[in-house]
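S.K.: Chains as they are written, first to last, in UniProt numbering: chain R, 1 to 190; chain C, 1 to 190; chain U, 1 to 190; chain X, 1 to 190.
4 protein chains.
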Amino acid sequence: MNKGTLAKEEIVSIAADVIRSKGYQATSVNDILVAGDIGKGKFFHYFKTKHDLGIAVVDRYIDTWKTNMIEGILQTDSSADLRIQHMLEETIESFQDSNVRKGCPFGNLAIEMSEHDASFRKRIESFFHEWALALSETLMEAELATPKDAYEYAEHIISSIEGSILMAKVKQTSKPIENTIFHLKKTLFH
Amino acid sequence: MNKGTLAKEEIVSIAADVIRSKGYQATSVNDILVAGDIGKGKFFHYFKTKHDLGIAVVDRYIDTWKTNMIEGILQTDSSADLRIQHMLEETIESFQDSNVRKGCPFGNLAIEMSEHDASFRKRIESFFHEWALALSETLMEAELATPKDAYEYAEHIISSIEGSILMAKVKQTSKPIENTIFHLKKTLFH
Amino acid sequence: MNKGTLAKEEIVSIAADVIRSKGYQATSVNDILVAGDIGKGKFFHYFKTKHDLGIAVVDRYIDTWKTNMIEGILQTDSSADLRIQHMLEETIESFQDSNVRKGCPFGNLAIEMSEHDASFRKRIESFFHEWALALSETLMEAELATPKDAYEYAEHIISSIEGSILMAKVKQTSKPIENTIFHLKKTLFH
Amino acid sequence: MNKGTLAKEEIVSIAADVIRSKGYQATSVNDILVAGDIGKGKFFHYFKTKHDLGIAVVDRYIDTWKTNMIEGILQTDSSADLRIQHMLEETIESFQDSNVRKGCPFGNLAIEMSEHDASFRKRIESFFHEWALALSETLMEAELATPKDAYEYAEHIISSIEGSILMAKVKQTSKPIENTIFHLKKTLFH
DNA sequence: AATGAATGAGCGTTCATTCAT
DNA sequence: GATGAATGAACGCTCATTCAT
Chain R
1 MNKGTLAKEE IVSIAADVIR SKGYQATSVN DILVAGDIGK GKFFHYFKTK HDLGIAVVDR
61 YIDTWKTNMI EGILQTDSSA DLRIQHMLEE TIESFQDSNV RKGCPFGNLA IEMSEHDASF
121 RKRIESFFHE WALALSETLM EAELATPKDA YEYAEHIISS IEGSILMAKV KQTSKPIENT
181 IFHLKKTLFH
Chain C
1 MNKGTLAKEE IVSIAADVIR SKGYQATSVN DILVAGDIGK GKFFHYFKTK HDLGIAVVDR
61 YIDTWKTNMI EGILQTDSSA DLRIQHMLEE TIESFQDSNV RKGCPFGNLA IEMSEHDASF
121 RKRIESFFHE WALALSETLM EAELATPKDA YEYAEHIISS IEGSILMAKV KQTSKPIENT
181 IFHLKKTLFH
Chain U
1 MNKGTLAKEE IVSIAADVIR SKGYQATSVN DILVAGDIGK GKFFHYFKTK HDLGIAVVDR
61 YIDTWKTNMI EGILQTDSSA DLRIQHMLEE TIESFQDSNV RKGCPFGNLA IEMSEHDASF
121 RKRIESFFHE WALALSETLM EAELATPKDA YEYAEHIISS IEGSILMAKV KQTSKPIENT
181 IFHLKKTLFH
Chain X
1 MNKGTLAKEE IVSIAADVIR SKGYQATSVN DILVAGDIGK GKFFHYFKTK HDLGIAVVDR
61 YIDTWKTNMI EGILQTDSSA DLRIQHMLEE TIESFQDSNV RKGCPFGNLA IEMSEHDASF
121 RKRIESFFHE WALALSETLM EAELATPKDA YEYAEHIISS IEGSILMAKV KQTSKPIENT
181 IFHLKKTLFH
């Protein structure tokens, strides 16, 4: 928690914002420098390359999401049904206002980086895996899926959500997310 | 169909490939020039800006998709049920091999360009709208949806598909697409 | 001999001067740009990299030297003795005034680049080889060496000359060159 | 011989290696830091500038060479003839294996630094002077030169050696050195 | 004394675009 | 119309050095 660490964290935090909005490749190092009033030397003192920063940003996205969505919702001690409902509501919450336009940090980077950069791709892949794992366990506990089909059901739910966030970004309204959550709920709890 | 037009089409065709794989922003004008052995003067003779080319590429994606998916599948004279099945099968077909990694040209550009570029966004939005319209009519015809909920159901199906293509890109396997088609079919035709 | 070629030649010519004086690595692209009032775009239009320019500069040194020293002196139709004397006098001539400080373009690059850059090294090596070849033939013709030892004698003469130019650079006077030429002549013609 | 001095010597020693191989200008402070696992603060604590370090490195080269070549060979109590022979043999010894490619530390810096940096130049100049002085005395003692021409003869021998090391670097073989030593011996002792 | 953090000018190169013919 | 040449701002990154403790 010394000064150095703080400074580094600060850069990651600023970069996380800029990158979520502009994408990784379209964000220049200078964009981040300007956004945070940081000198070039400082930046490259903490990060060997722009790529290193990019990875730090994804890791930060993942940490945040794990805390909020997985530990904070799917692995609490509410009833399994409630936890799923909570996850779905929370998704709608998260993509209101300017966040609709920005889209999902993971979905954005997934599409931008997966084909040509393994280090981004693998991190995002394992994040989606962890989410699917936590969700599949909750689905089983709620008796909405059997052990046999729980993981794939979870994956389908997650990919539907991602698709709806993509759609919301294009339409610049959260309706597609609400629509998808509505259909998912119908199928889950009808 | 004179030489000028041919040359222009050729550039769009080459650019469409490169952009699908690298994204619009990460693709430099030079990438396209090299890929097609085209001179700089030639390129900017046909396209005022890189942005102009980008738009031409999206329009080309849309034309192709309309011909193949909307006119070629959803608006043929097979039975409505079969048309929907055909659409779903065709989706799986389209994302085999190297196409899994490349992802959906529309989804890719949707995420990359929607927030900051209205001319890309609107084209992609209206494309998804046309697809949803054609699908909702087929859903009604197949009595899988009422006029009231058909359009939103169609949108949900499409966004699920887009989400699964995104997921497939991250995992570098077409499994997520097959999984989603499986779940969509179950809900549609159970 | 069109304009494009001229422009390229002009850059090589300016760069040849700068590099001879500062060395290849210590010469920045910007140094050349400033020296010739050239725009950055122009420079990189003609040369893919700084390295490419460096190679063009060496090739230019070699062409000049071949014309002047080999064709212009060693392979004329004077008597063999006179040609050797001419070569030695010309060496002294070439390293008067500011050229003493600049040193030999080949010797400079030989030392700077040989260890870590094969494309420079090979060019310089083959240049010294051609010089030694032309000199050894003249030595034989002048009956100053037998076919058996002519090439190695030639190499020794050339390396002595290079050493004396190095020494002259350090002492900032052409004396070491004159001294070495004196000793070479004594041994050759005593 | 306290800790501070040790650390300083250690840096000079590491830098001497790196600079001999890469040259002074092409060696970045960071290259040295990495080679010796030294922190930036430490480096600039001991040396005000990179230039200061460079000078320390030359001084170290000179000390070593004085001990080995001048005191260790030319000023021993063997016969003058033997001392000269020893010097010539030692030169061949010194530039075997990887040292052929690295070249002579003095010759390298002479060419790289003489024109634009007086503090390097003067050190190297006076080093060559001391060498020539010691050699000329030995030449006189061996009756291979008169007081009148001894110094210039010594200079010629040294510059021939330097030239042959340069040549060896270009050809990546020690042959040119052996060739030059052979010719020098022939002229000296025929 | 000793050192990691911070600095900003400069590096070689690429960028989308305009010029000149 | 058609094109290679030219442009200079911006790119990610390294540089030798100074700061703060």
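Cβ coordinates follow ideal geometry from the N, Cα and C atoms, glycine included.
Taking buried to mean at least 16 other C-beta atoms within 10 Å of its own C-beta, is X:Leu170 buried or exposed?
M.R.: Counting from one through the fourth sequence, the residue named residue 170 of chain X turns up at place 170. Note that residue 170 of chain X is Val in the sequence shown here, rather than Leu. Answer is buried; the Cβ neighbour count reaches 16.
S.K.: With a threshold of 16 other CB atoms inside 10 Å of the CB of C:Ser174, please say whether the residue is buried or exposed.
M.R.: Translated into positions along the second sequence, residue 174 of chain C becomes position 174. When all chains shown are included, C:Ser174 counts as buried.
S.K.: What three-state label does DSSP hand U:Pro105 in the structure shown?
M.R.: Locating residue 105 of chain U in the third sequence gives position 105, counting from the first residue. In the structure shown, U:Pro105 sits in a helix (DSSP, three-state: H, G or I).
S.K.: Thinking just about the alpha-carbon of each residue, which of R:Ser98, R:Thr146, R:Leu188, R:Phe106 is nearest to the one in R:Glu125?
M.R.: Taking the first residue of the first sequence as position 1, residue 125 of chain R is located at position 125. Looking at the Cα atoms, R:Phe106 is the closest of the given residues.
S.K.: Nearest to U:Ala150 by alpha carbon, out of U:Asp31, U:Leu133, U:Gly163?
M.R.: Position 150 of the third sequence holds residue 150 of chain U. Residue U:Leu133 is the option with its Cα nearest to U:Ala150.
S.K.: Run the CB neighbour count on C:Leu82, radius 10 Å, all protein chains shown included, and call it buried at 16 or more, exposed below.
M.R.: Within the second sequence, residue 82 of chain C is the residue found at index 82, counting from 1. With fewer than 16 other Cβ atoms within 10 Å, it is exposed.
S.K.: Checking 8 Å against the spacing of the C-beta atoms, do C:Glu155 and R:Asn179 come in under that value?
M.R.: Stepping through the second sequence from its first residue, residue 155 of chain C is reached at position 155. Stepping through the first sequence from its first residue, residue 179 of chain R is reached at position 179. Cβ atoms of C:Glu155 and R:Asn179: closer than 8 Å.
S.K.: Between X:Arg121 and X:Val58, which are expected to be in contact by the criterion C-beta below 8 Å, what is the C-beta distance as a whole number of angstroms?
M.R.: Within the fourth sequence, numbered from 1, the residue matching residue 121 of chain X stands at position 121. Within the fourth sequence, numbered from 1, the residue matching residue 58 of chain X stands at position 58. Between X:Val58 and X:Arg121 the Cβ distance is about 10 Å, and since that is not below 8 Å, they are no contact.
S.K.: Between R:Gln25 and chain C, is any beta-carbon pair separated by less than 8 Å?
M.R.: Taking the first residue of the first sequence as position 1, residue 25 of chain R is located at position 25. So yes, R:Gln25 belongs to the interface.
S.K.: Going along chain X, which residues have a C-beta under 8 Å from U:Val170?
M.R.: Here residue 170 of chain U is taken as the residue at index 170 of the third sequence, counted from 1. Going along chain X in sequence order, the residues near U:Val170 (Cβ under 8 Å) are Ala110, Ser114, Arg121, Ile124, Glu125, Phe128.
S.K.: Nearest to R:Gly8 by CA position, among R:Tyr46, R:Gln25, R:Pro147, R:Gly41, is which residue?
M.R.: For the purposes of this step, residue 8 of chain R is identified with residue 8 of the first sequence, where counting begins at 1. The identity of residue 8 of chain R in the sequence shown is Lys, whereas the question assumes Gly. Comparing Cα-Cα distances from R:Lys8 to each of R:Tyr46, R:Gln25, R:Pro147, R:Gly41, the minimum goes to R:Tyr46.
S.K.: Using a C-beta cutoff of 8 Å, does U:Pro147 count as contacting chain X?
M.R.: Locating residue 147 of chain U in the third sequence gives position 147, where the first residue counts as 1. So, not an interface residue.
S.K.: Got a sec: is the Cβ-Cβ distance from U:Asn68 to anything in chain X below 8 Å?
M.R.: The residue you call residue 68 of chain U lines up with position 68 of the third sequence. So no, U:Asn68 is outside the interface.
S.K.: With a 10 Å radius around its C-beta and 16 neighbouring C-beta atoms as the bar for buried, classify X:Asn30 as buried or exposed.
M.R.: Residue mapping note: residue 30 of chain X aligns to position 30 of the fourth sequence, counting from 1. With fewer than 16 Cβ atoms within 10 Å of its Cβ, X:Asn30 is classed as exposed.
S.K.: Taking Cβ to Cβ, would you say C:Glu130 is nearer than 8 Å to C:Ile38?
M.R.: Residue 130 of chain C sits at position 130 when you count from the first residue of the second sequence. Residue 38 of chain C sits at position 38 when you count from the first residue of the second sequence. Against a cut-off of 8 Å, the Cβ pair of C:Ile38 and C:Glu130 comes out as no contact.
S.K.: Would you kindly report the start and end of the unbroken alpha helix (DSSP H) that includes U:Asn30?
M.R.: The residue you call residue 30 of chain U lines up with position 30 of the third sequence. Residues 29-36.
S.K.: Under a Cβ-count criterion, where at least 16 other Cβ atoms within 10 Å of its own Cβ denotes burial, should residue 191 of chain C be classed as buried or exposed?
M.R.: Residue 191 of chain C is absent from the structure shown; chain C starts at 1 and stops at 190.
S.K.: Would X:Trp166 count as contacting chain U if we go by Cβ distances under 8 Å?
M.R.: Locating residue 166 of chain X in the fourth sequence gives position 166, where the first residue counts as 1. For the record, residue 166 of chain X in the displayed sequence is Leu; it is not Trp. Closer than 8 Å: yes.
S.K.: Taking X:Leu188 as the reference, give the member of X:Met167, X:Ser159, X:Ala142 with the closest Cα.
M.R.: Against the fourth sequence, residue 188 of chain X aligns to sequence position 188. For X:Leu188, the nearest C-alpha among the options comes from X:Ala142.
S.K.: Counting only beta-carbon atoms, is U:Met1 nearer than 8 Å to chain X?
M.R.: Sequence index remark: in the third sequence, residue 1 of chain U carries index 1 (1-based). Any reading at U:Met1 must be qualified, since the residue scores a pLDDT of 33, below 50, and its modelled position is unreliable; the value itself is stated next. Cβ-Cβ to chain X under 8 Å: no for U:Met1.
S.K.: Less than 8 Å between CB atoms is the rule here; does X:Glu162 satisfy it with respect to chain U?
M.R.: Sequence index remark: in the fourth sequence, residue 162 of chain X carries index 162 (1-based). Taking Cβ atoms only, chain U reaches closer than 8 Å to X:Glu162, which makes this a yes.
S.K.: Which of helix, strand or coil does DSSP assign to R:Ala7?
M.R.: Position 7 of the first sequence, counted from the start, is the residue given in the question as residue 7 of chain R. Helix, per DSSP.
S.K.: Measuring alpha carbon to alpha carbon, tell me which of R:Asp77, R:Ile73, R:Asp97 ends up nearest R:Glu89.
M.R.: Your numbering for residue 89 of chain R matches position 89 in the first sequence. Residue R:Ile73 is the option with its Cα nearest to R:Glu89.
S.K.: Which runs of the alpha helix (DSSP H), 4 residues or longer, sit entirely within the region 39-93 of chain R?
M.R.: Fully enclosed alpha helix (DSSP H) runs of 4 or longer: 40-46, 50-65.
S.K.: Assuming C:Val12 contacts C:Ala56 under a Cβ cut-off of 8 Å, what Cβ separation, rounded to an integer in Å, is found between them?
M.R.: Locating residue 12 of chain C in the second sequence gives position 12, where the first residue counts as 1. Locating residue 56 of chain C in the second sequence gives position 56, where the first residue counts as 1. With a Cβ gap of about 5 Å, C:Val12 and C:Ala56 count as contacting.
S.K.: The alpha helix (DSSP H) with R:Gly163 in it runs from where to where?
M.R.: Translated into the one-based positions of the first sequence, residue 163 of chain R becomes position 163. 150-171 is the extent of the alpha helix (DSSP H) around R:Gly163.
S.K.: On the criterion of 16 or more Cβ atoms from any shown chain inside 10 Å, does U:Glu93 qualify as buried, or is it exposed?
M.R.: Here residue 93 of chain U refers to the residue found at position 93 of the third sequence. Exposed, because fewer than 16 other Cβ atoms sit within 10 Å of the Cβ of U:Glu93.
S.K.: What are the boundary residues of the alpha helix (DSSP H) that includes X:Glu178?
M.R.: If you number the fourth sequence from 1, residue 178 of chain X lands on position 178. Where X:Glu178 is concerned, the enclosing alpha helix (DSSP H) stretches over 175-189.
S.K.: Is the Cβ of X:Ile36 closer than 8 Å to any Cβ of chain U?
M.R.: Locating residue 36 of chain X in the fourth sequence gives position 36, counting from the first residue. One point to set straight first is that residue 36 of chain X is Gly, not Ile, in the sequence displayed. Not an interface residue.
S.K.: Looking only at C-alpha atoms, which of R:Ile157, R:Glu112, R:Gly163, R:Ala168 sits nearest to R:Lys186?
M.R.: Numbered from 1 along the first sequence, position 186 holds the residue referred to as residue 186 of chain R. Of the candidates R:Ile157, R:Glu112, R:Gly163, R:Ala168, the one whose C-alpha sits nearest the C-alpha of R:Lys186 is R:Ile157.
S.K.: With DSSP collapsed to three states, give me the class of R:Ser126.
M.R.: To locate residue 126 of chain R, count along the first sequence from 1; it is residue 126. R:Ser126: helix per DSSP, three-state reduction.
S.K.: Have a look at C:Leu139, C:Phe127, C:Gly54, C:Gly23 and flag the residue whose alpha-carbon is nearest the alpha-carbon of C:Ser79.
M.R.: On the second sequence, position 79 is the one that residue 79 of chain C refers to. Closest option to C:Ser79, Cα to Cα, is C:Leu139.
S.K.: At least one CB of chain X closer than 8 Å to the CB of U:Asn179: is that the case?
M.R.: Mapped onto the third sequence, residue 179 of chain U falls at position 179. Yes, contact with chain X.
S.K.: Rounded C-beta distance between C:Ser164 and R:Gly163? I'm assuming under 8 Å.
M.R.: The count along the second sequence starts at 1 and reaches residue 164 of chain C at position 164. The count along the first sequence starts at 1 and reaches residue 163 of chain R at position 163. Confirmed, Cβ separation roughly 7 Å.
S.K.: Beta-carbon of C:Gly54 versus every beta-carbon of chain R: anything under 8 Å?
M.R.: Taking the first residue of the second sequence as 1, we reach residue 54 of chain C at position 54. Cβ-Cβ to chain R under 8 Å: no for C:Gly54.
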